[in-house]
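In UniProt numbering, the protein residues as written are 1 to 375.
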C-alpha cells in the first residue's frame, strides 16, 4: 500500500516500484514482481537492482537461462555487483553447469571474501563434481565465517558421507541439528549414515524425528522401511513402503523393496505385483526382473521365471546369477520327473516322454550347434 501510494504521487518513483517488486517476490508473486522490475527498467535502464530482482524472480520460476540474461545485464552495468555473480552461479548450478557456476562463485568471493553463501554454493558445485575434499574446504570456510551456518554443516556431512566417513558425517549433522532441531534433511542424512554403519535402530530414531517435523517426508518413510527390512521386521517395513508410495505413487524403489519384503514373507503373488509395478516405471530395472524370476521360481512357474532371467541377461549380459538360476531350472525339472517315474508307476510312460523331451531341450543347443571335426 505504501509503495502504491508513493507511485501515485510520483509515477516515476523507481525506488517505490523496486520496493514493491521485492515485496511481491517475497510473497512468491513472481510474475507480478517482474512487472514492477520492468517498470523500473523502463524508467531507469541503469537501475542495477531491478535487473537482479527480475533475475531472481525468473530463477524462482525455474527460467534459469532467462534469469542469467538479467544477471549479466546487471554485471555489465556494475562489474562489482556481487549478488549478480552469486545468483548467476546458482542458476548455472541448477542447470548442472558446475564448472561455470564455480567461476561465478569465485568472482563473488573475490569481491566479498566473507560471502558465506558463495562458499557454500561453490562447495555444492564441487560436491556435484564429486570433488568432495575440495567441497569440504569450502564448507569449512563458510563455517569459519558463520559458525551457525546450518546448511554448510549439513552439506559438509553429505560430502563426508560420500567419502564413506560416516562417523565424521554424523558429527556434522549433529551440529546442524543443534543449531536447528527441526532440520529435516539433517535428521534424514544422519539416519543414512547410521544405516551404513548398520545401526538400524538409531537410524530409525532419526527418521522418526524427520517424520515428526514433516509428515509428508517420503524419504524418511522409505528409509525407515529399509531399516525395518534389514531388521527382518517385514510387515512393518511394508507399512512404511506403503506410506512412501501413498505420497509418491511413482516411487519405483519403494515398490521394489516392498516386493522383497513380501517375498521374504513368502507372499509371492503379491511380491510379483510389486516387482511388476517397479518395472512399469523403469523398463530396464534389471534387479526387479531378476527378483521376479526368483519369485516365479519359488512358485514353480519355471517357464515364466526363465523369461525374466532372459530379460535380465538382455539388459545386463554380465549378470551371472541370472545365467546360473536359468540353468538350474532344467535340473529341478529333471529331478521332478525322475521322482515321478520312481514313485508313480501308473504314469511312468507319460513321465518318460516328458523326461525325453526335457533332455532333448537341454541338449538342443549342443545338437544344433555345428562342431568342427579335428583331423
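C-beta atoms are modelled at their ideal positions from N, C-alpha and C, and glycine is treated no differently.
Run of the alpha helix (DSSP H) containing residue 302, from where it starts to where it stops: Element bounds for residue 302: 302–315.
Option in 19, 251, 268, 44 with minimal Cα separation from residue 53: Residue 19 is the option with its Cα nearest to residue 53.
Reference residue 220; option with closest CA among 254, 234, 235, 233: Residue 254 is the option with its Cα nearest to residue 220.
Pick from 204, 244, 269 that is closest to residue 376, judged by C-alpha positions: Since the displayed the chain opens at 1 and closes at 375, residue 376 lies outside it and no answer follows.
contact_flag[the stretch 194–204, the stretch 146–158] where n(CB pairs < 8 angstroms) is 3 or more: Counting Cβ pairs under 8 angstroms, fewer than three are found: no touch.
Counted within 10 angstroms of its Cβ, other Cβ atoms place residue 5 as buried (16 or more) or exposed: Per the 10 Å Cβ criterion, exposed.
Nearest residue (CA-CA) to residue 102, options 112, 85, 114, 240: Per the C-alpha coordinates, the member of 112, 85, 114, 240 positioned closest to residue 102 is 85.
Endpoints, the alpha helix (DSSP H) within which residue 63 is located: That residue, residue 63, is in no alpha helix (DSSP H); it is neither H nor E in DSSP.
Inter-residue spacing [alpha-carbon to alpha-carbon] between residue 212 and residue 16: Answer to the nearest angstrom: the Cα atoms are 42 angstroms apart.
Residue 180 - DSSP class collapsed to helix/strand/coil: Reduced to three states, the DSSP call for residue 180 is coil.
Cα-Cα separation, residue 154 to residue 148: One alpha carbon belongs to residue 154, the other to residue 148, and they sit about 11 angstroms apart.
Distance between beta carbons of residue 292 and residue 275, contact taken as under 8 angstroms: About 4 angstroms separates the beta carbon of residue 275 from that of residue 292, a gap short enough to meet the 8 angstroms contact definition.
Selection from 300, 297, 319 that minimises the alpha carbon distance to residue 285: Checking every option, the nearest Cα to that of residue 285 belongs to 319.
Proximity below 7 angstroms, CB of residue 177 to CB of residue 186: Using a Cβ distance threshold of 7 angstroms, residue 177 and residue 186 count as a contacting pair.
Run of the alpha helix (DSSP H) containing residue 117, from where it starts to where it stops: Residue 117 -> alpha helix (DSSP H) spans 116–128.
Cβ of residue 137 within 7 angstroms of any chain D Cβ: The structure shown contains no chain D; it holds only a single protein chain.
Where residue 325 falls: helix, strand or coil (DSSP): It is helical.
Span separating the alpha-carbon of residue 55 from that of residue 70: C-alpha of residue 55 to C-alpha of residue 70: approximately 5 angstroms in a straight line.
Contacting residues, own chain, Cβ-Cβ under 6 angstroms from residue 261 (five flanking each side not counted): Taken in chain order, the residues that qualify are 229, 234, 237, 238.
Start-to-end residues for the alpha helix (DSSP H) that takes in residue 39: Bounds of the alpha helix (DSSP H) holding residue 39 are 30–43.
Proximal residues to residue 7 (C-beta, below 8 angstroms), its chain only, five neighbours per side dropped: Excluding five sequence positions before and after residue 7, the CB atoms of its chain that fall closer than 8 angstroms to its own CB belong to 13, 16, 17, 20, given in chain order.
Spatial neighbours of residue 321 in its chain, beta-carbon cut-off 8 angstroms, leaving aside the 5 residues before and after: Close CB contacts of residue 321 within its chain, under the 8 angstroms cut and outside five residues either way in sequence, are with 290 (chain order).
Any alpha helix (DSSP H) of 4 or more consecutive residues that is wholly inside the UniProt repeat "TPR" (184–217): Fully enclosed alpha helix (DSSP H) runs of 4 or longer: 184–196, 200–213.
Same chain, Cβ closer than 6 angstroms to residue 2, neighbours up to 5 away in sequence not counted: The answer is none, since no qualifying residue turns up.
Residue 46 classed as buried or exposed, judged by whether at least 16 other C-beta atoms fall within 10 angstroms: It counts as exposed.
N- and C-terminal bounds of the alpha helix (DSSP H) containing residue 110: Residue 110 -> alpha helix (DSSP H) spans 98–111.
Residue of 43, 208, 175 minimising C-alpha distance to residue 188: Closest in alpha carbon position to residue 188, among 43, 208, 175, is 208.
Contacting residues, own chain, Cβ-Cβ under 7 angstroms from residue 311 (five flanking each side not counted): Within the same chain, and ignoring the five residues on either side of residue 311 in sequence, the residues whose Cβ sits closer than 7 angstroms to its Cβ are 289.
Residue 404 classed as buried or exposed, judged by whether at least 16 other C-beta atoms fall within 10 angstroms: The requested residue 404 does not occur in the structure, where the chain is confined to residues 1 to 375.
DSSP state of residue 267 mapped onto helix, strand, coil: Correct three-state label for residue 267: coil.
DSSP-derived helix/strand/coil call for residue 366: At residue 366 the pLDDT is 35, less than 50, meaning the model places this residue with poor confidence; the figure from the coordinates comes in the next sentence. Secondary structure of residue 366 (DSSP, three-state): helix.
Proximity of residue 325 and residue 309 at Cβ, strictly below 7 angstroms: For residue 325 and residue 309, yes; Cβs fall inside 7 angstroms.
Backbone secondary structure at residue 139 - three-state DSSP: DSSP places residue 139 in helix when its eight states are reduced to three.
Backbone secondary structure at residue 175 - three-state DSSP: In this structure, DSSP gives residue 175 a helical state, which the three-state scheme calls helix.
Continuous alpha helix (DSSP H) stretch holding residue 88: start and end: Looking at the DSSP string, the run of the alpha helix (DSSP H) that includes residue 88 is 82–94.
Buried or exposed (CB count within 10 angstroms, at least 16 for buried), residue 246: Residue 246 comes out exposed.
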